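Trainee:
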Amino acid sequence: MKKKITILMVLLIVLLPFVSACTTEEPEVEVEEEVKIPVQLQTARKDTISNEITLSGRAVPAKEMMIIPQSAAEVEDIKVSRGSKVEKDEVLFTLKIEDSEEVTEILSPVEGRVAAINIKEDEVTSNIQPSMVVVADDNPMTISINATENLITELFIGKKVDIKISALEKENLMGKIASISTAPDERSQQYIANIVLVDELNDLKPGMLATVKLDTNIRENVLVVKSEAILDDGDRKVVFVEEEGLAKEKEVKTGLDTGLYTEIVSGLESGEKVIVKGQNYIEDGSEVETVRGEK
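Mapped onto mature numbering (1 follows the signal peptide of the UniProt record, and there is no 0), the consecutive letters of the sequence shown carry residue numbers -21 to -1, 1 to 274.
Dropping the structure here:
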C-alpha cells in the first residue's frame, strides 16, 4: 500500500508541470486601430475668378487747351494766375500788337482751371512759342495710368476699376476707362489710359496720386478650388477628394491660378468634396475624418 502511494505521488509531481503548462492562458494580441487623418474640405464649385493688378495713376484734366500766339506781340496785362478758375470767354491776358496802339484781349476757350502760364508782362511773344497759357478743362477730372503692351490687351473702353485717392482719404471709388492711346508714349514706351470717376469728386485736384486696381484674365463660370488643394506629383497635378470617409486621388488639368483659387479644366466635377487641409499627409485610400470645413 505504501508503495502505491509513493508511485501516485511521483506521477502527480511529474504531471503537475504538464497540466500547468496546458492551462496557462495565451497572451492577448493587441489589434492596432487605424488612425483617421483629420482633414478640411471645400466643395468644388463654379465661380468667376481673375488676376488683380495694382497700378499707380495721377489725376489729370480731361482736356487741356493751349493758347498759342499767332504773331509777335507784347504781353500787356495778365489777368489770371496758375490754378485760378476761369469761365468760358473770360479774359486771360491782353496783348499789344507791335507798332500799334491796339490792345487784343485773349479769352479762355473753355471753362476750367489755369494749368500753366508761360509768359510775363512786358514780354514779347513769338509765334514759335509753344503756348502762352494752358487752360485745363477739369470737368470731369480723369485718372491717367500707364500700361505695358501685355496689359493693354486686357483694357477696353468702359472697363470698371477700383480707385483709391490717398490725399483725400477716399477708397473704393468706382471708375471706368474712358480712353486708351493707340500708340505708346515715345519716352516710356507705355500706353496711356484715362479713367473717369463714376461719381464726381469735387476735391480732386490735378496731380493728385491714385492707386488703381483692375481685374485681368477674367474667367467666368469656371470650376474652381483653392490653390492649396493642388499637389504636384511629377508631371501631374492631383487633388484628393473625400468619398465615404476615404481619400481618393484625382489627376486634374488646371487653368488660371490667382494664388488663392485655381481654375480646374478637367478631372473634377462640381460638388465634389476637395481636401484643402491635410492633403500632404494622405495617399489614395487613406481613412480621413473631417474636422473643419464642409462635411
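By construction, the Cβ of each residue, glycine as well, lies at the ideal position given by its N, Cα and C atoms. Since the model is a prediction, treat every value here as computed from it, not as a measurement.
(1) Buried or exposed: P109, going by 16 or more other Cβ atoms within 10 Å of its Cβ?
(2) Using a Cβ-Cβ distance cut-off of 8 Å, determine whether A162 contacts chain B.
(3) Which parts of the stretch 103 to 153 are runs of the beta strand (DSSP E), unbroken and 3 residues or longer, counting only runs that do not cross its ends?
(4) Measuring only the C-alpha atoms, how far is L176 from K155?
(5) Here's a check: name, in chain order, each residue in its chain whose Cβ is nearer than 6 Å to the Cβ of V(-3), leaving out the five neighbours to either side.
(6) Mapping the DSSP letters down to three states, classify N259 as helix, strand or coil.
(7) For D56, I'd like the list of residues in its chain whose CB is within less than 8 Å of its CB, leaving aside the five on either flank, ordered along the chain.
(8) Considering only residues of the same chain and omitting the five flanking positions on each side of E34, which have a CB-CB separation below 6 Å?
(9) Excluding the 5 residues preceding and the 5 following E102 in the sequence, name in chain order all residues of the same chain whose CB lies nearer than 8 Å to its CB.
(10) Could you give the distance in angstroms between the alpha-carbon of R271 and the alpha-carbon of G257?
(11) According to DSSP, what are the bridge partners of N200?
(12) Could you check what DSSP says for S50 in three-state terms: helix, strand or coil?
(13) Between the Cα of V255 and the Cα atoms of I131, D68, A126, V218, which residue gives the shortest distance?
(14) Can you find the residues in the same chain that come closer than 8 Å, C-beta to C-beta, to P119, ignoring five residues on each side of it along the sequence?
(15) Can you list, in chain order, the residues of its chain whose CB lies under 8 Å from that of K138, leaving out five sequence neighbours each side?
(16) Distance check for D116 and L183, CA to CA, integer angstroms please.
Mentor: Judging by the given coordinates:
(1) Translated into the one-based positions of the sequence shown, residue 109 becomes position 130. Under this definition P109 is an exposed residue.
(2) No chain B is part of this structure, which consists of one protein chain only.
(3) Segments of the beta strand (DSSP E) lying fully in the stretch 103 to 153: 112 to 126, 139 to 144.
(4) Position 197 of the sequence shown holds residue 176. Position 176 of the sequence shown holds residue 155. Those two C-alpha atoms are separated by around 7 Å.
(5) Looking up residue -3 in the sequence shown gives position 19. Reliability of the predicted coordinates at V(-3) is poor, the pLDDT of 49 falling under 50, and the value obtained from them is presented with this limitation in mind. Once the five neighbours on either side are set aside, V(-3) has no close Cβ partner at all.
(6) One-based indexing of the sequence shown puts residue 259 at position 280. Helix at N259.
(7) Taking the sequence shown and counting its residues from 1, the one referred to as residue 56 is at position 77. F72, T73, E100, listed in sequence order.
(8) As a first step, residue 34 must be located in the sequence shown, where it is residue number 55. Looking at the sequence itself, residue 34 is Leu, so the reference to Glu does not match. Contacts found: I124, V191.
(9) For this step, residue 102 is matched to residue 123 along the sequence shown. Once the five neighbours on either side are set aside, the close Cβ partners of E102 are E53, V54.
(10) The sequence position of residue 271 within the sequence shown is 292, counting from 1. The sequence position of residue 257 within the sequence shown is 278, counting from 1. Looking at the two C-alpha atoms, the distance is approximately 11 Å.
(11) Start at 1 with the first residue of the sequence shown, and residue 200 comes out as number 221. Per DSSP, none; premise fails for N200.
(12) Here residue 50 is taken as the residue at index 71 of the sequence shown, counted from 1. When secondary structure is reduced to three states using DSSP, S50 falls in the coil class, being assigned neither helix nor strand.
(13) Here the question's residue 255 lines up with position 276 in the sequence shown. Ranking I131, D68, A126, V218 by Cα distance to V255 puts V218 first.
(14) As a first step, residue 119 must be located in the sequence shown, where it is residue number 140. Setting aside the 5 residues that flank it on each side, P119 is surrounded in the same chain by A41, V175, L176, E179, each with a C-beta closer than 8 Å to its C-beta; the list follows chain order.
(15) The residue labelled residue 138 in the question sits at position 159 within the sequence shown. Result list for K138: K155, I156, L193, in chain order.
(16) To locate residue 183, count along the sequence shown from 1; it is residue 204. To locate residue 116, count along the sequence shown from 1; it is residue 137. C-alpha separation (whole angstroms): 13 Å.
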